[in-house]
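See below for the structure under consideration.
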């Protein structure tokens, strides 16, 4: 059998997590069935029946479709056990060496398989942060920057500014102020603001205090 198909992983992050140890999947597709079959025909009572044409051999070359369901058991990051059952449906009634003008129902059969899959080599990790590119949502993280499970720089205070760029990594702040807060909204970070309670709309100097035009 030579088949090509599409595979739907159920551990796609929506139904199950991608790294879940049980990884069920469905497959479907088509291909080409090749088989050579030989043998004697027999009546129900076991007596051998010799065909009129003397042929004991069938050569089958036929297009087929198939559907399959399986489970991959993730034993380790590099080794997995695959268990699969596939239903094959070649467009012929002769895969069992029997066929005739009155036999209009195409043959179909199941194939059960068991196998081990081993990943060889190391997964590509462009930025070297320990998260493979295929799972890395931030594949260009600078070297040495601490990242989370998705490969993105850690943002401890959750303000949208990564810790390595955040001057106030433990307090939520503004991106414009490199992650530092500005309570009175005057554009001067609280840590540098000598007048942290300036009324809204009042112009301030570099220290965060209201301008004094006449000194």
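In our numbering, the protein residues as written are 676 to 890. Glycine residues also receive a C-beta, built at the ideal position from the N, C-alpha and C atoms.
Note: residue 734 is bridge-paired with 711 in the DSSP secondary-structure output. In this structure, the CA atom of residue 789 is about 51 Å from the CA atom of residue 841. Residue 860 and residue 887 have their C-alpha atoms spaced approximately 19 Å apart. With contacts defined as CB atoms closer than 8 Å, residue 705 and residue 679 qualify as a contacting pair. CA-to-CA, the gap between residue 701 and residue 866 works out to about 57 Å.
In the DSSP assignment, residue 784 falls within the beta strand (DSSP E) that extends over 784 to 793.
DSSP places residue 752 outside both helix and strand once states are collapsed to three, so it counts as coil. Each of 782, 762, 828 was checked against the Cα of residue 819, and the nearest Cα belongs to 828.
When rounded, the separation of the alpha-carbon atoms in residue 698 and residue 741 is 20 Å. Put simply, the backbone Cα of residue 709 is about 33 Å away from that of residue 749. Closest by C-alpha distance to residue 850, out of 810, 834, 760, 874, is 834. Taken through DSSP and simplified to helix, strand or coil, residue 699 comes out as strand.
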